[in-house]
Structures are given as C-alpha cells and as structure tokens.
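Taking it in order: structure first as structure tokens, then the write-up.
Numbering (UniProt numbering), first residue to last: 1 to 629.
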C-alpha cells in the first residue's frame with residue numbers, strides 16, 4: 001500500500017505540473033545523465049518496480065541511457081545502463097522487463113562491462129542464465145580482458161562458475177597479461193573453484209609474463225592451492241622451489257616465523273638435490289650482502305633476525321616475480337621500513353628508492369599499496385629530518401604524482417592520493433627547514449615550489465577542487481601509518497599558504513557543501529588549528545554553512561570527540577569574533593533584504609553570495625521529482 005501510494009503521488013505530481021512533466025520527459029530521452037539523475041536507474045537501485053513499469057509504459061525514453069552508478073558501496077561505474085544496473089543488483093524482474101522492451105544485452109559500461117559480466121561479478125546465476133538464453137556473448141571481455149567466467153572465479157562465485165562452465169564458457173580465455181580464469185582464481189585461494197576449473201580443462205600454464213597459477217597462488221600465500229596444483233600437475237623442481245620461497249616470504253610478512261622457517265627449509269631441501277637447475281642472484285650490497293639460504297644453517301642464521309628475513313623475502317621476490325609484479329616493490333619497501341626502525345636512514349632511503357624503481361616497472365599498483373607507500377615515506381622523512389638526516393623527498397613525490405595521474409584508469413581514489421601528497425609536501429617543508437646550508441636550502445625550496453605547481457596543474461581537469469582533496473583525512477588501512485602521520489604535527493598550514501599563493505582557489509566546496517574551513521575542522525592531524533588559522537588569514541568566510549546549515553564553528557562544537565577539537569573551537573571562536581569578512585557581511589545583507597543579485601553581480605560573486613543561502617539550495621521541481629523515485 002505504501003509503494004502504491006508513492007506511485008500515485010508521483011503520477012499526480014507529474015499530471016499537475018506540465019513544466020515538471022516536460023523536464024522529466026526530456027531527461028528520460030537524454031543519452032547520458034549525471035549520477036542520481038537517471039529515472040530508470042534510480043528506480044532499479046531503489047527497487048521500485050511499479051514506478052519503473054509506469055515510466056516504461058507511459059513515456060518515450062532512451063532505454064540505453066547511461067549514467068554513473070554506485071552499486072552497493074563500490075566505486076562509481078561510468079556508463080551504467082538500466083539493464084547493466086539491474087543485472088548487477090540481481091533484479092531479475094527488471095532485467096526481463098528491460099529485455100522485453102528492447103534493451104541491448106551487449107551494451108557495455110565505459111569499462112566494457114556487459115550486463116552478463118555485471119551479474120557474474122555478484123553471483124546472480126538466475127540472471128546469468130537468462131541473459132545467456134537471450135543470446136548474450138558468454139565470453140565477452142571487459143577493458144582488461146576479464147570474461148564473465150574470469151570475474152566469477154575471481155569473486156569466488158562458485159555457482160556462477162559452475163553455470164558458466166556448463167553453458168560453454170571458454171575455460172582457457174586469456175585476459176590482461178594473458179591471465180586465464182585459473183590465474184585469477186588462485187589469487188583468492190579458493191581450492192573448490194580451482195578444482196572446478198581444472199576438471200573442466202584449465203592448465204597450470206604461464207601467462208604472458210611467465211607466471212603460472214601455482215606461482216601466483218604461492219605469492220599470495222595459498223599453500224593448499226599450491227599443494228593441489230602440485231598433486232594434479234606434478235610441478236617440476238624449479239617451480240616447487242620457487243613456490244616454497246614465495247610461501248616463506250608470505251609468512252615473513254605475516255609475522256609467522258616458524259612457518260617461514262618451515263618453507264625456507266623445504267626450499268633448501270629441493271635446492272640441494274637440484275643444484276644444476278636452480279640459479280641464484282648475486283649478493284647485493286643493498287641487502288647487506290645476504291643471499292638466498294643454501295643450507296639449514298643459513299636458514300637458522302636468517303630467521304634469528306627480522307631484517308634479514310625481510311631481506312631474503314625481497315631477494316626471493318626479485319628473482320621469481322621480478323619487476324612486473326607489485327609484490328616485489330612491496331617487500332622491498334617493507335625492508336626499508338625495517339632499516340628505518342633501526343635508524344639506518346641511508347639504507348632505508350636506498351631500499352625505498354629501489355622499491356620505487358620496481359613499482360614504476362610493475363604498473364599494477366593498488367590503492368592500498370600507493371597510499372601506504374606514501375604514508376610510510378611521510379612518517380619516515382619526518383623522523384629522519386628530526387634526527388639530522390636529509391632524505392631525498394622529490395623522487396617519492398614525483399612517483400606519487402605519477403600514480404595520481406594514472407589513478408582514474410586504475411580505479412584508485414585520486415583524492416586519497418592527493419591527501420597523501422599534500423602531507424608529503426608538508427614533510428618536505430620540514431626536511432627543507434632542517435637543512436643548515438642556506439644555498440642547499442634555497443635549492444630545496446625551489447623544488448618544493450615546483451612540486452606545488454605540478455600538483456595544482458595536475459588537478460586542473462579534476463572535478464574535485466585541490467584544497468578539498470588536500471584536506472581529507474588520509475585513508476586508514478589498519479597499518480597505523482595514517483595515525484603516525486597525524487601525530488607528526490606537520491606544517492600543513494604552510495603548505496596551504498604555498499598552494500594558495502601559487503593559484504589554488506580557496507573558495508570551493510565538496511559534495512556535502514563543506515568548504516575548506518569545514519574540512520580543516522574535521523582533520524585528525526594535530527596541525528588542524530594551524531590549517532584553520534591559515535585559511536581564515538586568506539579570506540575563508542567563517543559564517544558559510546554546509547548543506548546541514550552548520551558553520552565550521554558549529555560543526556566543531558557538534559563533533560563527538562571534544563579533545564582534538566579544543567584548539568579548533570578556540571581558533572574559530574576568535575576568528576568569528578574578530579575576523580568577519582566584509583564580503584560575508586554584505587552577502588548576508590543581500591540575502592536578508594531579498595535583493596535579486598543574480599542579474600547585477602559578476603558570476604564569481606553570484607556564487608559567493610549563494611553560499612550564504614543554503615536553505616534555497618536544491619529545491620527545484622525537477623530535483624524533487626527525481627529524488628522522489
């Protein structure tokens with residue numbers, strides 16, 4: 001009854017408002033619309049089938065209309081159609097109705113994902129079967145070559161895997177880097193799915209970069225998958241030796257020393273009987289001359305020291321995985337972290353630089369790895385500077401900027417990378433201040449100015465304003481790196497000043513109407529008050545409200561944890577008393593006296609004044625109609 005009431009209310013609203021109806025009809029026929037502005041996709045996401053049917057039956061529309069859709073908290077999917085959205089969400093009634101009305105079952109998103117792949121991703125077997133029966137291409141890949149079977153195996157959707165195999169999916173389909181479904185499956189460690197694939201004809205063959213499924217399974221620490229593949233395919237001595245080495249490295253990373261010792265011992269045992277088959281890298285000074293263990297006594301020597309264990313793990317990865325796999329760079333970076341903990345700063349810098357060299361070659365970086373690398377480097381550089389060691393920050397900043405530029409195509413949060421780069425600039429400022437030689441310090445300042453300009457230019461075409469991205473809290477992946485960076489009390493205010501001086505706009509807002517001043521209030525960094533003070537000095541208006549009608553001061557007072565906001569409230573209270581902007585006061589007067597300012601003020605000032613009347617925002621007829629769906 002409630003749903004029927006909503007439909008009746010919706011229909012009545014359209015019937016009583018010709019203008020709204022016209023706008024609604026125009027919106028339905030557009031080929032591409034912004035996020036949350038596609039009526040059909042909105043009804044699919046909200047599961048309002050009666051409204052969905054009503055629209056299909058009563059309006060002329062573009063059934064292939066594309067939009068940006070966020071499915072169950074994931075990344076935005078660009079180019080999502082109603083059919084793709086319904087397939088991914090598992091709404092069979094919507095899918096059947098759309099196909100009946102002529103929806104293209106092969107229409108893809110921007111990333112070339114078909115409705116069948118969307119259904120396979122989330123394990124909706126009923127929709128997969130229906131789309132296949134309707135003639136969907138069972139092996140059509142997305143932009144990185146993943147077929148529906150590949151993604152079902154990767155996401156551990158065993159029923160979908162079974163169905164797709166039964167329906168004739170290509171078990172040997174090759175995608176990015178020549179990966180087969182078995183290559184992708186073993187990364188998740190699902191033995192049951194691996195068994196299904198092998199029984200259907202999958203083989204332990206190398207991909208285009210010479211990694212077999214068994215090597216990848218070992219790389220991710222899935223020993224049961226490795227043992228199953230060995231039992232099935234009878235891996236040769238070299239393959240087993242390499243698998244044991246990678247399993248040992250994974251246990252070192254997990255802090256399981258006894259298991260790491262076990263796998264190193266297994267590797268030594270295989271090596272002893274196959275010396276002519278297994279080569280070895282030459283000892284490298286960066287690893288203190290350590291080599292892969294040749295004997296049991298070598299193993300005993302290595303496992304007594306955590307740094308040596310990480311050094312050997314890095315050596316294993318360099319030899320077996322090389323530069324093409326991101327795991328190698330990750331282990332090298334961790335080895336650098338170990339050197340940092342021992343106050344071996346030059347060793348740390350050398351290893352981190354080596355890590356960047358390997359990461360640049362891999363080009364398979366993940367968001368967690370990128371942000372963690374940046375955060376650990378920020379923390380490390382700050383520690384080094386406070387202890388009189390001058391680290392080279394520029395290579396890490398350039399690497400981070402490169403990752404930012406590649407972030408969109410890698411589905412990595414660009415904002416997360418920028419928030420880290422903002423703090424890296426602050427760490428760099430601290431390093432610069434610790435340089436005693438004035439000429440050297442001036443050169444470092446010039447590098448920092450250049451880096452700030454590069455960051456500003458990199459954000460020119462981004463939808464998120466630079467200051468909004470900078471003033472986000474850094475991502476927390478559970479490693480403690482973000483918390484360590486917060487406690488460093490980095491000179492973030494000086495970086496804000498630097499960015500604004502180089503042309504970064506201060507008057508901007510995020511999707512929730514928060515201005516930089518609001519975001520500075522929410523910062524977990526201990527230098528939050530400094531950021532607030534700097535923003536106000538540069539003209540941030542303290543009376544501006546967000547979409548919740550809260551000023552920065554009101555937001556600070558409403559936060560749950562009062563301890564970190566004590567300095568924030570004091571800073572804002574002082575500013576609110578003594579630093580009201582004349583522009584803000586004039587804007588308030590314009591709003592209070594209902595002056596039609598939009599026709600007499602320049603465009604930038606119109607936007608500025610509009611920030612002072614939040615209660616008038618978003619109340620148009622068309623917006624109400626779309627949101628009511």
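For each residue, glycine too, the CB sits at the ideal point set by N, CA and C.
Looking at the structure shown, is residue 26 part of a helix, part of a strand, or coil, going by DSSP?
Reduced to three states, the DSSP call for residue 26 is helix.
Checking contacts by CB at 8 Å: is residue 217 closer than that to chain B?
Given the protein chain composition of this structure (a single chain), no chain B is represented.
What is the DSSP secondary structure of residue 69, counted as helix, strand or coil?
Strand at residue 69.
Own chain, CB closer than 6 Å to residue 108, minus 5 neighbours either side, in chain order
Take residue 108, set aside five residues on each side of it, and the residues of its chain with a beta-carbon closer than 6 Å to its own are 114, in chain order.
Please classify residue 110 as buried or exposed, where buried requires at least 16 neighbouring CB atoms within 10 angstroms.
Residue 110 is exposed by the Cβ-count criterion.
Which residues share a DSSP beta bridge with residue 76?
For residue 76, which the question treats as bridged, DSSP gives the partners 70.
In terms of DSSP beta bridges, what is residue 32 paired with?
Looking at the DSSP assignment, residue 32 forms a beta bridge with 66.
Is the segment 280 to 299 in contact with the segment 180 to 188, if contact means three or more CB pairs nearer than 8 Å?
At 8 Å Cβ cutoff, the stretches do not touch.
Do you know offhand how far residue 67's Cα is from residue 31's?
The straight-line gap from Cα to Cα measures roughly 9 Å.
Need the endpoints of the alpha helix (DSSP H) that residue 441 sits in, please.
Membership of residue 441 in the alpha helix (DSSP H) is indicated by the continuous run 438 to 458.
Separation of residue 43 from residue 126, as counted between CA atoms
The straight-line gap from Cα to Cα measures roughly 21 Å.
At a cut of 8 Å, does the segment 482 to 492 reach the segment 439 to 450 through at least three beta carbon pairs?
As far as the Cβ criterion goes, the segment 482 to 492 does not touch the segment 439 to 450, which means the pair count is below three.
Less than 8 Å between C-beta atoms, sequence neighbours within five positions excluded: which residues of the same chain meet that for residue 136?
Closer than 8 Å at the Cβ level, and outside the excluded window around residue 136, lie 105, 106, 114, 115, 116.
Indicate whether the contact test is met: 3 or more Cβ pairs, each with one atom in the segment 465 to 475 and one in the segment 514 to 528, closer than 8 Å.
Judged by Cβ distances under 8 Å, the segment 465 to 475 makes contact with the segment 514 to 528, as three or more pairs qualify.
Integer-rounded CB distance, given that residue 345 should sit under 8 Å from residue 657:
Residue 657 is absent from the model: the chain starts at 1 and stops at 629.
By DSSP, does residue 157 sit in helix, in strand, or in coil?
Coil, per DSSP.
Which residues mark the beginning and the end of the alpha helix (DSSP H) in which residue 215 is found?
It spans 213 to 219 - the alpha helix (DSSP H) in which residue 215 sits, taken as one unbroken run.
For residue 176, I'd like the list of residues in its chain whose CB is within less than 6 Å of its CB, leaving aside the five on either flank, ordered along the chain.
Once the five neighbours on either side are set aside, the close Cβ partners of residue 176 are 144, 145.
Any chance you could list the alpha helix (DSSP H) runs of at least 4 consecutive residues sitting entirely within the UniProt repeat "ANK" (111 to 143), in chain order?
Counting whole runs of 4 or more residues, the UniProt repeat "ANK" (111 to 143) contains the alpha helix (DSSP H) stretches 115 to 121, 125 to 133.
Enumerate, from N- to C-terminal direction, the unbroken beta strand (DSSP E) stretches of 3 or more residues contained entirely within the UniProt repeat "ANK" (512 to 547).
Counting only unbroken stretches of 3 or more residues, no beta strand (DSSP E) element lies wholly within the UniProt repeat "ANK" (512 to 547).
Please confirm whether residue 356 and residue 348 have their CB atoms less than 8 Å apart.
For the pair residue 356 and residue 348, the CB atoms are not nearer than the 8 Å cut-off.
Residues of its chain near residue 268, where Cβ-Cβ distance is below 8 Å and the 5 sequence neighbours each way are ignored
These residues qualify, in order along the chain: 293, 294, 295, 296, 298, 299.
How is the alpha helix (DSSP H) around residue 50 delimited, first residue to last?
Counting along the chain, the alpha helix (DSSP H) containing residue 50 begins and ends at 49 to 58.
Bounding residues of the alpha helix (DSSP H) (the contiguous stretch that carries residue 464)
Membership of residue 464 in any alpha helix (DSSP H) is not indicated, and neither H nor E is assigned to it by DSSP.
Cutoff 7 Å; reference residue 327; Cβ partners in own chain excluding five residues on either side
For residue 327, where only same-chain residues beyond five positions count, the Cβ hits under 7 Å are 219, 317, 321.
With DSSP collapsed to three states, give me the class of residue 334.
Residue 334 carries a helical assignment under DSSP once its states are collapsed to helix, strand and coil.
Under a Cβ-count criterion, where at least 16 other Cβ atoms within 10 Å of its own Cβ denotes burial, should residue 249 be classed as buried or exposed?
So residue 249 ends up on the buried side.
CA-to-CA distance, residue 138 to residue 132, given in whole angstroms:
Our two residues, residue 132 and residue 138, have alpha carbons roughly 7 Å apart in a direct line.
Please report how far the alpha carbon of residue 234 lies from the alpha carbon of residue 325, in whole angstroms.
Rounded to the nearest angstrom, the two C-alpha atoms are 25 Å apart.
Suppose you measure from the CA of residue 363 to the CA of residue 527; what does that come to, to the nearest Å?
A caution first: residue 363 carries a pLDDT of 49, below 50, which makes its placement in the model too unreliable to give a value.
Taking the alpha carbon of residue 241 as the point to measure from, which residue in 252, 232, 227 has its own alpha carbon closest?
For the residues 252, 232, 227, the minimum Cα distance to residue 241 belongs to 227.
Quick one: what's got a C-beta closer than 7 Å to residue 263's C-beta in the same chain, skipping five residues either side?
The residues are 244, 247, 248, 251.
Status (buried if at least 16 other CB within 10 Å, exposed otherwise) for residue 272:
The residue is exposed, with fewer than 16 neighbouring Cβ atoms inside 10 Å.
Let me know if residue 400 comes out buried or exposed under the rule of 16 or more other beta-carbons within 10 Å of its beta-carbon.
By the 10 Å Cβ count, residue 400 comes out buried.
Going by beta-carbon coordinates alone, are residue 184 and residue 217 separated by less than 8 Å?
For residue 184 and residue 217, no; Cβs fall outside 8 Å.
If we ignore side chains and look at the alpha-carbon of each, how far apart do residue 192 and residue 158 end up?
The straight-line gap separating the alpha-carbon atoms of residue 192 and residue 158 is approximately 8 Å.
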